[in-house]
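Participant: Chains as they are written, first to last, in our numbering: chain A, 5 to 250; chain B, 377 to 732.
All C-beta atoms in this analysis are idealised placements derived from N, C-alpha and C, irrespective of residue type, glycine included.
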Amino acid sequence: MLLGSILLTTAAGETQPKHRTGGMEPIIATENLRKIYRVGKVDVAALRGVDMAVQEGEFVAVVGPSGCGKSTLLHILGGLTPPTSGKVLVDGNDFSYMKDAQRTKFRRHKIGFVFQRYNLLPTLTAGDNITIAQHIQGDGFNPHRFETVTEMLGIKDKLRHKPYALSGGEQQRVAIARAVICEPKLLLADEPTGNLDSENSQIVLNMMRALNRDFRQTILMITHDSEAASAADRIIRMRDGRIILD
Amino acid sequence: MHRPIRTLVSILAVAIEVGMVMLVVGMTHGMLHENAKRVEGVGADIIVQPPGASFFFALTQAPMPVQVGDRLGEIPHVLAVAPVLFLFNAQGGIDLIYGIDMTSFNRVSGGFVYLHGGPFSGPYSILVDDWYAKAHGVKIGTTLTFLNHSFHVAGIVMHGKGARLFIPLQTAQDLTGARDKASIFFVKCTDPGYTKDVMAGIHDLLPKHQILSIKEYMSLMTSNDLPALTAFITAMIGVAVAIGFLVIFLSMYTTITERTREIGILKALGAGKGYIIQVILWEASLLSILGVIAGYFGTWLAKKFIIATFPTLTVELTLHWALWAGLLAVAGSLLGAFYPAVRAARLDPVDSLAYE
């Protein structure tokens with residue numbers, strides 16, 4: 005058991021790190037992670053026992069065909085939905101025992117999301133789409149971080165534009181900026197190049213690589229594009245709700 | 377705010393709510409106060425009405441013999457007594473007509489100020505005040521029909537002497553079959569300081585009659601002393617608040633449905649239930665505040681329009697009721713937005729992000 009040697013989880017849901025031999029603790033650790041959705045009167049198993057560990061600073065790609073459970077895995081790792089059973093530890097916190105409000109608070113401070121469809125708020129400018137993450141976090145506007153991130157992602161001249169006035173690539177860069185502006189421990193990317201042409205895909209992947217390299221940003225990216233996956237340091241393959249290759 | 381028509385409709389609904397509250401209250405209070413001021417303008421110190429009579433004159437019948445006035449005149453410190461018979465005309469409008477004995481009414485009131493024409497020239501002549509004349513385009517010589525009889529306008533007088541229309545007492549008695557009867561006696565003392573003494577004297581003479589000093593009468597002429605009016609105002613305010621509540625509820629409900637995905641985005645960014653509720657209530661507050669401002673402006677315009685169109689109406693807009701109307705509108709809007717806000721806060725983030 006991977007987690008058994010890493011930590012001890014109390015009945016109250018508090019997790020206590022336990023010594024792990026041979027290196028530092030992983031930022032993500034799952035054990036026999038299962039998720040069953042109820043569709044009508046039918047139970048559909050999206051995850052059938054996933055065991056995995058990701059170290060801090062890693063850039064991991066999770067690949068697999070549609071319906072293999074990779075999006076569900078990402079949603080659970082992001083605290084958007086709880087697992088049905090099993091354990092999921094992110095930065096030492098066990099989501100299995102956390103309530104929705106606790107997971108929301110954790111997500112606010114520790115996790116950044118990048119989506120395939122960018123998911124920018126259409127009524128806000130690019131700049132406001134980025135700063136709203138800081139507003140929600142509640143730590144206030146950090147101009148230095150804002151400057152650094154927007155400079156790195158090459159969107160400084162687009163900050164006053166509304167999303168509809170930006171290209172797909174630009175929108176995705178704004179979305180990445182929003183995801184990392186609060187310095188999350190973990191960046192979760194859901195098919196970030198899925199809606200982009202090859203040129204913009206490459207730009208976005210390069211930027212994610214740069215984030216990983218320059219800021220030691222831990223990234224977990226799900227994709228069905230093997231070319232996109234090759235940007236990562238490590239590739240995990242999934243099928244039918246299980247990891248088949250790591 | 378990215379749906380301009382919906383935003384505009386929401387603002388308009390709140391504005392109508394504010395306008396309804398302010399105009400209903402303003403017109404009710406305005407009419408009452410203006411009516412009371414006119415009665416005060418008769419110049420009497422005391423009014424005497426039959427037992428059980430309403431201080432709302434239009435509802436008063438005429439069971440007192442005119443001769444009672446002679447007895448009242450004998451009470452020490454009484455300068456003059458004016459019997460008045462009320463006629464309530466609902467033909468082509470709603471008017472309270474005073475049937476007056478010109479001599480005694482002039483003694484109590486100090487006499488009319490004639491802007492045009494002069495006193496009664498015959499049994500079927502009539503005096504109208506300047507507001508009524510303006511509202512109905514009445515001039516000297518115009519024929520007015522009341523109670524199935526034609527009256528010749530003999531004079532246009534300055535407003536503020538009780539009613540807007542005056543006919544001879546004898547004619548009023550003939551028209552209503554109340555021969556030698558009066559609805560009210562206006563009593564003027566030789567000095568206002570004798571009011572209490574005179575009231576005591578009248579009470580000795582007419583122990584069951586309703587005797588009010590003009591100050592008491594003025595203090596009674598508020599909506600609080602007219603239960604039906606209070607109920608009417610409350611009902612109208614309720615309707616107005618319900619309009620604002622329902623429109624904001626519907627507006628915010630459709631907004632939530634339409635923005636399900638955006639709510640999912642906020643949740644993915646870590647926005648908690650409190651944050652989502654706060655954002656929606658803030659938007660509702662903004663809409664209602666804009667509505668309140670529009671409502672104030674609209675009410676001001678409506679007042680101008682009402683007074684220009686119906687010069688005899690009085691709209692009394694007060695800061696007190698403006699604040700109440702604004703407060704009710706904002707509170708109603710927040711209440712209307714609360715359920716949609718809670719519903720939004722409870723949305724599942726994964727389902728919301730997948731919403732098309």
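Could you tell me whether the Cβ atoms of leucine 662 of chain B and alanine 558 of chain B are closer together than 9 Å?
Facilitator: Result no, Cβ atoms of leucine 662 of chain B and alanine 558 of chain B do not sit closer than 9 Å.
Participant: Taking buried to mean at least 16 other C-beta atoms within 10 Å of its own C-beta, is glycine 708 of chain B buried or exposed?
Facilitator: It is buried - the Cβ of glycine 708 of chain B has at least 16 other Cβ atoms within 10 Å.
Participant: Using a C-beta to C-beta distance shorter than 7 Å, which residues of chain B count as neighbours of histidine 228 of chain A?
Facilitator: Correct list: empty, because the minimum Cβ distance to chain B is about 17 Å.
Participant: Mind checking whether arginine 182 of chain A and leucine 729 of chain B have CB atoms under 9 Å apart?
Facilitator: The answer is no: Cβ separation not under 9 Å.
Participant: For alanine 49 of chain A, which residues of its own chain have a beta-carbon under 6 Å away from its beta-carbon, when the five flanking residues on both sides are left out?
Facilitator: Taken in chain order, the residues that qualify are Ile40, Gly245.
Participant: At least one CB of chain B closer than 9 Å to the CB of asparagine 123 of chain A: is that the case?
Facilitator: With 9 Å as the cut-off, asparagine 123 of chain A counts as an interface residue toward chain B.
Participant: For lysine 109 of chain A, which residues in chain B fall below 9 Å Cβ to Cβ?
Facilitator: Near lysine 109 of chain A (Cβ distances below 9 Å), the residues of chain B are Gly646, Gly648.
Participant: Roughly how many angstroms lie between the CA atoms of valine 118 of chain A and serine 205 of chain A, to the nearest whole one?
Facilitator: Looking at the two C-alpha atoms, the distance is approximately 13 Å.
Participant: In the stretch 380-434 of chain B, which residue ranges form an unbroken alpha helix (DSSP H) of at least 4 residues, counting only runs that do not cross its ends?
Facilitator: As far as the stretch 380-434 of chain B is concerned, its whole alpha helix (DSSP H) runs of at least 4 residues are 380-417.
Participant: When you compare the CB of glutamate 638 of chain B with every CB in chain A, is at least one pair closer than 9 Å?
Facilitator: Cβ-Cβ to chain A under 9 Å: yes for glutamate 638 of chain B.
Participant: Against chain A, with Cβ distances strictly below 9 Å, would valine 718 of chain B count as a contact?
Facilitator: Closer than 9 Å: no.
Participant: Should phenylalanine 625 of chain B go down as buried or exposed, given a rule of 16 or more other Cβ atoms within 10 Å for buried?
Facilitator: Answer is buried; the Cβ neighbour count reaches 16.
Participant: So alanine 57 of chain A and proline 30 of chain A are in contact, right, with Cβ under 8 Å, and what is the actual spacing, rounded?
Facilitator: At roughly 4 Å, the Cβ-Cβ gap stays under 8 Å, so alanine 57 of chain A and proline 30 of chain A are in contact.
Participant: Counting C-beta neighbours from all protein chains within 10 Å, is the total for isoleucine 248 of chain A 16 or more, i.e. buried, or is it exposed?
Facilitator: Exposed: under 16 other Cβ atoms inside 10 Å.
Participant: Would you mind stating whether threonine 197 of chain A and valine 184 of chain A have Cβ atoms separated by less than 9 Å?
Facilitator: Cβ atoms of threonine 197 of chain A and valine 184 of chain A: not closer than 9 Å.
Participant: Look at the Cβ atom of phenylalanine 481 of chain B, then the Cβ atom of alanine 530 of chain B, and state whether they are nearer than 9 Å.
Facilitator: Not closer than 9 Å, so no.
Participant: If you check the beta carbons only, do aspartate 672 of chain B and methionine 398 of chain B fall under 9 Å apart?
Facilitator: A small correction: the amino acid at residue 672 of chain B is tyrosine; aspartate does not occupy that position in the sequence shown. Yes, these two residues count as a Cβ contact at 9 Å.
Participant: Specify the secondary structure class of glycine 116 of chain A as computed by DSSP and reduced to three states.
Facilitator: Of the three classes helix, strand and coil, the one that applies to glycine 116 of chain A here is strand, per DSSP.
Participant: For a cutoff of 9 Å on Cβ pairs, would you count phenylalanine 117 of chain A as touching chain B?
Facilitator: Judged by the 9 Å Cβ criterion, phenylalanine 117 of chain A is in contact with chain B.
Participant: Considering only their Cβ atoms, is the gap separating asparagine 216 of chain A from alanine 179 of chain A smaller than 9 Å?
Facilitator: No, they are not a contact pair.
Participant: Would serine 501 of chain B and phenylalanine 527 of chain B be called neighbours here (beta carbons separated by less than 9 Å)?
Facilitator: In contact: serine 501 of chain B and phenylalanine 527 of chain B (Cβ atoms closer than 9 Å).
Participant: Near histidine 579 of chain B, which residues of its chain fall below 7 Å by C-beta distance, leaving aside the five closest residues on each side in sequence?
Facilitator: Closer than 7 Å at the Cβ level, and outside the excluded window around histidine 579 of chain B, lie Ile587.
Participant: Mark serine 742 of chain B as exposed unless 16 or more other C-beta atoms lie within 10 angstroms of its C-beta, in which case mark it buried.
Facilitator: What the structure shows of chain B is the stretch from 377 to 732, and residue 742 of chain B is not part of that stretch, so it cannot be assessed.
Participant: Roughly how many angstroms separate the alpha carbons of valine 444 of chain B and leucine 581 of chain B, rounded to a whole number?
Facilitator: Near 9 Å, if we compare the C-alpha coordinates of leucine 581 of chain B and valine 444 of chain B.
Participant: DSSP state of alanine 236 of chain A, grouped into three classes?
Facilitator: DSSP places alanine 236 of chain A in coil when its eight states are reduced to three.
Participant: Are any of the Cβ atoms in chain B nearer than 9 Å to that of isoleucine 140 of chain A?
Facilitator: So yes, isoleucine 140 of chain A belongs to the interface.
Participant: At a CB-CB cut-off below 7 Å, which residues of chain B make contact with histidine 79 of chain A?
Facilitator: In chain order: Val726.
Participant: What do you get for asparagine 133 of chain A, buried or exposed, if any count of 16 or more other CB atoms within 10 angstroms of its CB means buried?
Facilitator: Buried: at least 16 other Cβ atoms inside 10 Å.
Participant: Using a Cβ distance threshold of 8 Å, determine whether the stretch 405-422 of chain B contacts the stretch 543-557 of chain B, with at least three qualifying pairs required.
Facilitator: No contact exists between the stretch 405-422 of chain B and the stretch 543-557 of chain B.
Participant: Could you say which of B:Pro452, B:Gly712, B:Ala678, B:Val718 lies nearest to tyrosine 651 of chain B if we only look at CA atoms?
Facilitator: Nearest C-alpha to tyrosine 651 of chain B: B:Val718.
Participant: Just to confirm my understanding: we take lysine 74 of chain A, look at its own chain, exclude 5 residues before and 5 after, and list those with CB closer than 7 Å. What are they?
Facilitator: Counting only Cβ-Cβ distances below 7 Å, and skipping sequence neighbours, we find Val66, Gly68, Ile226, Met242.
Participant: If you draw a straight line from the alpha carbon of valine 533 of chain B to that of alanine 611 of chain B, how long is it in whole angstroms?
Facilitator: Their backbone Cα atoms lie some 38 Å apart in a straight line.
Participant: Do leucine 448 of chain B and valine 484 of chain B have their beta-carbon atoms positioned less than 9 Å apart in this structure?
Facilitator: Their beta carbons are not under 9 Å apart, which means valine 484 of chain B does not touch leucine 448 of chain B by this criterion.
Participant: Taking the alpha helix (DSSP H) that serine 595 of chain B belongs to, which residues open and close that run?
Facilitator: Taken as a continuous stretch (DSSP letters only), the alpha helix (DSSP H) holding serine 595 of chain B covers 590-596.
Participant: Just to confirm my understanding: we take proline 807 of chain B, look at its own chain, exclude 5 residues before and 5 after, and list those with CB closer than 7 Å. What are they?
Facilitator: Residue numbering for chain B in the displayed model covers 377 to 732; residue 807 of chain B lies beyond these limits and cannot be assessed.
Participant: Considering only residues of the same chain and omitting the five flanking positions on each side of glycine 82 of chain A, which have a CB-CB separation below 7 Å?
Facilitator: Closer than 7 Å at the Cβ level, and outside the excluded window around glycine 82 of chain A, lie Arg111, Ile115, Phe117, Leu192.
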